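Each residue of the sequence shown is one higher than the last, beginning at 251 in my numbering.
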Amino acid sequence: MAHSVAGKALHVRSIWNGAISFGLVSIPIKLVNATENHSISFRQIHTEDGGRIRYRKVCELDDHEVSSAEIGKGYEDADGTIVPITEEDLSHLPLPTAKTIEIVAFVPADRIDPLQMDASYYLQAGGAPAAKPYTLLREALKRSNKVAIAKYALRGRERLGMLRVVGDAIAMHGLLWPDEVRAPEGVAPETSVTVRDKELDLADALMDTLGEVDLEDLHDEYREAVEEVVAAKAAGETPREMPAPPSSGKVLDLMAALEKSVRAAKESRGEKPDGGAGGPGEEQEEEQGGEVAAEAGVTRLAQRRSARTAPKGTGGKKSTSTAKKTAAAPRKSTAKTARAEKKPTASKSTARKTAAKKATASKAATATKKTAAKKAAPRKRTA
Numbered sequence: 251m252a253h254s255v256a257g258k259a260l261h262v263r264s265i266w267n268g269a270i271s272f273g274l275v276s277i278p279i280k281l282v283n284a285t286e287n288h289s290i291s292f293r294q295i296h297t298e299d300g301g302r303i304r305y306r307k308v309c310e311l312d313d314h315e316v317s318s319a320e321i322g323k324g325y326e327d328a329d330g331t332i333v334p335i336t337e338e339d340l341s342h343l344p345l346p347t348a349k350t351i352e353i354v355a356f357v358p359a360d361r362i363d364p365l366q367m368d369a370s371y372y373l374q375a376g377g378a379p380a381a382k383p384y385t386l387l388r389e390a391l392k393r394s395n396k397v398a399i400a401k402y403a404l405r406g407r408e409r410l411g412m413l414r415v416v417g418d419a420i421a422m423h424g425l426l427w428p429d430e431v432r433a434p435e436g437v438a439p440e441t442s443v444t445v446r447d448k449e450l451d452l453a454d455a456l457m458d459t460l461g462e463v464d465l466e467d468l469h470d471e472y473r474e475a476v477e478e479v480v481a482a483k484a485a486g487e488t489p490r491e492m493p494a495p496p497s498s499g500k501v502l503d504l505m506a507a508l509e510k511s512v513r514a515a516k517e518s519r520g521e522k523p524d525g526g527a528g529g530p531g532e533e534q535e536e537e538q539g540g541e542v543a544a545e546a547g548v549t550r551l552a553q554r555r556s557a558r559t560a561p562k563g564t565g566g567k568k569s570t571s572t573a574k575k576t577a578a579a580p581r582k583s584t585a586k587t588a589r590a591e592k593k594p595t596a597s598k599s600t601a602r603k604t605a606a607k608k609a610t611a612s613k614a615a616t617a618t619k620k621t622a623a624k625k626a627a628p629r630k631r632t633a
């Protein structure tokens with residue numbers, strides 16, 4: 251089988267054949283694994299001579315090794331009793347989804363809890379007759395922006411699945427039943443913790459610095475290192491020593507750890523750790539006990555607080571009256587200064603008062619002399 255999804259050709263055999271039940275529409279399909287495991291597996295060996303260690307299936311009653319054809323199923327009861335269950339017993343169970351993926355509902359994708367996600371499969375159209383209904387279901391899912399919830403049976407049990415569109419194919423994700431997902435009880439910290447704004451600012455800066463990534467660029471470095479060791483040993487060479495991961499040390503201060511993480515992330519991206527958009531004002535603010543390091547490239551908390559505490563202008567009226575008062579203040583001081591300039595100084599005022607007193611005294615003396623002269627004149631005539 252050849253199939254292409256996201257530009258990659260898949261040549262794998264189907265693991266299940268059946269049909270999608272979409273109302274009265276039946277779509278023949280084949281179930282194909284959508285994922286593969288690239289982990290390197292090891293065999294157990296005897297360290298003395300390198301011999302393989304194998305597990306043999308032995309009956310504990312007669313101590314004889316048995317073949318696969320002699321092995322059946324049995325259910326162990328609570329008291330240890332084994333109840334034999336045959337394939338014929340299971341074949342009579344009412345399992346309508348044995349060969350059918352039965353769609354039961356269509357829901358928005360965000361209704362599915364990622365914790366329920368299990369194995370992934372591609373649904374391949376089973377022959378030419380399935381092409382039209384397969385395409386119909388695919389386009390209906392695209393246009394509705396919904397996913398299909400379905401029930402199906404695989405490997406002896408009924409399962410829950412979610413159908414969605416991937417490229418030009420329909421994919422199915424196995425889902426755990428809701429009662430199989432544990433509640434997160436006792437997982438979150440029970441102690442009361444306060445997260446400050448400056449810590450959130452640095453965490454935001456770290457997330458922005460790390461940015462996004464193309465998942466295609468990520469790869470399993472551990473597997474590559476193991477393959478290199480295996481290749482060297484197979485060639486009779488000594489595997490080269492892998493560089494030890496850099497030790498970050500024990501950082502007790504959360505703020506210091508965040509700042510160090512931001513710097514390291516910037517350095518890994520080729521940016522200058524102490525560059526950022528900060529200017530001299532930010533450096534001065536940092537010296538005066540600013541809240542966040544300049545290299546984090548985040549808005550200063552001190553600036554936010556000053557913005558919060560600043561008086562809010564309502565419709566511009568308060569600010570206008572304040573401007574008027576401010577403009578009026580210089581006029582007052584100017585008027586006072588003008589009056590102060592017009593007033594004589596203390597020394598000048600005293601001199602003028604003294605001169606006035608002297609003038610008054612001389613006038614009084616002159617008047618006294620004239621009166622005395624008038625009084626003396628008649629006496630002279632009488633004599």
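All C-beta atoms, glycine included, are put in the ideal place defined by N, C-alpha and C.
All of these numbers come straight from a predicted model, not from anything done at the bench.
{"query": "Alpha-carbon spacing of ALA557 relative to ASP447, whole angstroms", "result": "Annotation note: pLDDT 42 at ALA557 (below 50); position unreliable, no value reported."}
{"query": "Backbone secondary structure at ARG263 - three-state DSSP", "result": "coil"}
{"query": "Nearest-angstrom Cα separation, counted from HIS296 out to LYS307", "result": "19 angstroms"}
{"query": "Straight-line Cα distance separating PRO344 from ALA403", "result": "12 angstroms"}
{"query": "Backbone secondary structure at ARG393 - three-state DSSP", "result": "helix"}
{"query": "Residues near THR347 in its chain [Cβ-Cβ closer than 7 angstroms; skip 5 each side]", "result": "LYS401, TYR402, ALA403, GLU408"}
{"query": "Burial state of SER511 (16 or more Cβ within 10 Å)", "result": "buried"}
{"query": "Residue from LEU281, SER276, LEU274 whose Cα sits closest to the Cα of LEU373", "result": "LEU281"}
{"query": "Cα-Cα separation, PRO439 to PRO383", "result": "51 angstroms"}
{"query": "Continuous alpha helix (DSSP H) stretch holding TYR472: start and end", "result": "471 to 484"}
{"query": "Cβ pair count under 8 angstroms reaching 3, the stretch 378 to 398 against the stretch 351 to 358", "result": "yes"}
{"query": "Same chain, Cβ closer than 8 angstroms to THR576, neighbours up to 5 away in sequence not counted", "result": "At THR576 the pLDDT is 42, less than 50, meaning the model places this residue with poor confidence; the figure from the coordinates comes in the next sentence. None."}
{"query": "Span separating the alpha-carbon of ASN267 from that of THR350", "result": "9 angstroms"}
{"query": "Short Cβ contact (8 angstroms threshold) for PRO278 with GLY411", "result": "no"}
{"query": "Span separating the alpha-carbon of GLN692 from that of TYR305", "result": "The structure shown does not extend to residue 692, since the chain spans only 251 to 633, so no value can be given for it."}
{"query": "Spatial distance of VAL416 from ALA381 (CA atoms)", "result": "16 angstroms"}
{"query": "Cα-Cα separation, THR488 to ALA482", "result": "6 angstroms"}
{"query": "Sub-8 angstroms separation of ILE420 and LEU386 beta-carbons", "result": "no"}
{"query": "Selection from GLU315, VAL480, PRO493, GLU517 that minimises the alpha carbon distance to SER291", "result": "VAL480"}
{"query": "For LEU281, the three-state DSSP class (helix, strand or coil)", "result": "strand"}
{"query": "Cβ separation of GLU389 and SER271, assumed to be a contact under 8 angstroms, to the nearest whole Å", "result": "That belief does not hold up - the Cβ atoms of GLU389 and SER271 are roughly 18 angstroms apart, past 8 angstroms."}
{"query": "Residues near VAL476 by beta carbon distance below 6 angstroms, same chain, minus five either side", "result": "ILE290"}
{"query": "Candidates ILE265, ARG263, HIS288, ASN283: closest to GLU474 by CA position", "result": "HIS288"}
{"query": "Complete runs of the beta strand (DSSP E) confined to the stretch 349 to 421 [at least 3 residues]", "result": "350 to 358, 367 to 375, 396 to 404, 407 to 416"}
{"query": "Rounded straight-line distance, which links the Cα of LYS516 to that of GLU449", "result": "18 angstroms"}
{"query": "Sub-8 angstroms separation of ILE332 and GLU326 beta-carbons", "result": "yes"}
{"query": "Boundaries of the beta strand (DSSP E) in which VAL333 is found, first to last residue", "result": "332 to 335"}
{"query": "ARG414 to ARG405 span [Cα, whole Å]", "result": "22 angstroms"}
{"query": "Member of ALA269, GLN366, LYS323, ARG513 whose CA lies at the smallest distance from the CA of GLU430", "result": "GLN366"}
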